[in-house]
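First up is the structure itself, then whatever we jot down about it.
Numbering (the numbering used here), first residue to last: 14 to 310.
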């Protein structure tokens, strides 16, 4: 293990301890610490994909994708444009169900329960496995309303519960100070980094066991990227994260495990996977070496 990976692992709480102690916060000096504020995250779940394939009409997007995202860790799914990373995230919490003529096969096991084959409440599934994607800022919607609407989707309407969950989610995403006494400002006034963190907060109000995050720092400056990465690293001890970064260097910085999707005849397939240090130190596939060095994709 290299020094960066060792430092990342040493800073992460053991899963049991992190869940028991509750959420993380940033102290006055910028360090990440753990403090209980009434937020009781569900136990982080293990996610396993087995031979997952997605087809839109006659076009296949991904084929026979299999890998495990360990509980309480960050798994990065990298790959060139067209490799199916976004489709993979959507299929994991069955958002692809809403797409016409879309068919998903294989198995997605959440703690050994196949959510593709089992009758599940999709609202509860998407609360437990939150999906965070970049969308334009909603016009005319305040920060408070943006988060309250998410809570309403999960049937949380009691005033004190709403207040607590919003406060805890903003604390977890490093937005508490920035948005203190400013919850009624329009979402559209936030910086790109703060907007992404707010989208993350919107998923966190459901108290998820896992987060699926698509290209979180695309178009965000270096300072904003570093801020988002600190938040994700702090969250990882208390929930499972599957991340689809636009830049493989981000996977090297914050992920525990890396999966490479590669388009083979236009269909995304798993080309390589390994723990982060091994993945970048020993490129076992030509496609891996080319992609991580910037020579492909």
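Beta carbons are placed, not taken as given, at the ideal position from N, Cα and C, and that holds for glycine.
Are the Cβ atoms of residue 206 and residue 145 separated by less than 8 Å?
No, Cβ-Cβ distance for residue 206 and residue 145 is not below 8 Å.
Suppose you measure from the CA of residue 170 to the CA of residue 302; what does that come to, to the nearest Å?
Rounded to whole angstroms, residue 170 to residue 302 spans 50 Å at the Cα level.
With 16 other CB atoms within 10 Å as the buried threshold, where does residue 265 fall?
Of the residues assessed, residue 265 falls on the buried side of the cut-off, its CB having 16 or more other CB atoms within 10 angstroms.
For residue 130, which of helix, strand or coil comes out of DSSP?
Residue state, collapsed to three classes: coil.
Quick check: is the beta carbon of residue 221 nearer than 8 Å to any beta carbon in chain C?
Judged by its chain identifiers, the structure shown contains no chain C, having just a single protein chain.
As a quick exercise: from 201, 73 and 240, pick the residue whose alpha carbon is nearest that of residue 114.
For residue 114, the nearest C-alpha among the options comes from 73.
Shortest alpha-carbon distance to residue 71 belongs to which of 285, 289, 279 and 218?
Closest in alpha carbon position to residue 71, among 285, 289, 279 and 218, is 279.
Are residue 173 and residue 136 close, meaning C-beta to C-beta below 8 Å?
For residue 173 and residue 136, no; Cβs fall outside 8 Å.
Ends of the alpha helix (DSSP H) at residue 141?
According to the DSSP assignment, residue 141 belongs to the alpha helix (DSSP H) that extends over 135-141.
Name the residue from 142, 150 and 300 whose alpha carbon lies nearest to the alpha carbon of residue 107.
With distances taken between CA atoms, residue 107 lies nearest to 142 out of 142, 150 and 300.
If you count every other CB in all the chains shown that lies within 10 Å of the CB of residue 132, and 16 or more means buried, which is it?
Within a 10 Å sphere around the beta-carbon of residue 132 sit fewer than 16 other beta-carbons, which makes this residue exposed.
Cβ pair residue 138, residue 63 closer than 8 Å:
Contact flag unset, no.
If we call anything under 8 Å between Cβ atoms a contact, is residue 57 one with residue 251?
Yes, these two residues count as a Cβ contact at 8 Å.
Provide the residue(s) that pair with residue 69 in DSSP beta bridges, ordered along the chain.
72 and 115, per the DSSP bridge assignment.
Answer with buried or exposed for residue 240, where buried requires no fewer than 16 other C-beta atoms within 10 angstroms of its C-beta.
Residue environment analysis places residue 240 among the buried positions, since at least 16 neighbouring C-beta atoms fall within 10 angstroms of its C-beta.
Hey, how far is the Cα of residue 315 from the Cα of residue 208?
Because the chain is modelled from 14 through 310, residue 315 falls outside the range shown and cannot be assessed.
Thinking just about the alpha-carbon of each residue, which of 269, 288, 295 and 233 is nearest to the one in residue 86?
For the options 269, 288, 295 and 233, the alpha carbon positioned closest to that of residue 86 is the one of 269.
Per the contact definition of three or more C-beta pairs closer than 8 Å, is the region 149-164 in contact with the region 211-231?
Yes, since at least three Cβ pairs between the region 211-231 and the region 149-164 fall closer than 8 Å, the two stretches touch.
Limits of the unbroken beta strand (DSSP E) element including residue 257:
For residue 257, the enclosing beta strand (DSSP E) begins and ends at 253-257.
Would you grab the beta carbon distance between residue 154 and residue 211 for me? Rounded to a whole angstrom, and I think it's under 8 Å.
Their Cβ separation, rounded to whole angstroms, is 11 Å, which puts residue 154 and residue 211 out of contact at 8 Å.
Anyone know if the C-beta pair for residue 89 and residue 65 falls short of 8 Å?
Taking 8 Å as the Cβ cut-off, residue 89 and residue 65 do not qualify as a contacting pair.
So, for residue 99: in the same chain, excluding its five sequence neighbours on each side, which residues have a beta-carbon less than 7 Å away from its beta-carbon?
Answer for residue 99: 227 and 257, listed in chain order.
Closest Cα partner of residue 230 within the set 305, 224, 249 and 260
Minimum Cα distance to residue 230 is reached at 260.
Specify, as a first and last residue, the run of the alpha helix (DSSP H) that residue 266 falls within.
Residues 261-267.
Chain-order list of residues whose beta-carbon lies under 6 Å from that of residue 110 (same chain, five-residue window excluded):
Answer for residue 110: no residue qualifies.
Kindly indicate which three-state DSSP category residue 54 falls into: helix, strand or coil?
Because the pLDDT at residue 54 is just 48, under 50, the model does not fix this residue reliably, and the point stays unresolved.
Excluding five sequence neighbours on each side, which residues of the same chain lie with their C-beta closer than 6 Å to the C-beta of residue 81?
Excluding sequence neighbours, residue 81 sits near 61.
Boundaries of the beta strand (DSSP E) in which residue 170 is found, first to last residue
From DSSP, residue 170 is part of no beta strand (DSSP E); its letter is neither H nor E.
Could you check which residue in 243, 59 and 295 has the C-alpha nearest to that of residue 185?
If we check each option's Cα against that of residue 185, 243 comes out closest.
Going by other Cβ atoms of all chains shown within 10 Å of its Cβ, with 16 needed for buried, is residue 29 buried or exposed?
Because the pLDDT at residue 29 is just 27, under 50, the model does not fix this residue reliably, and the value given afterwards should be weighed accordingly. With fewer than 16 other Cβ atoms inside 10 Å of its own Cβ, residue 29 counts as exposed.
CA-to-CA distance, residue 201 to residue 128, given in whole angstroms
C-alpha separation (whole angstroms): 35 Å.
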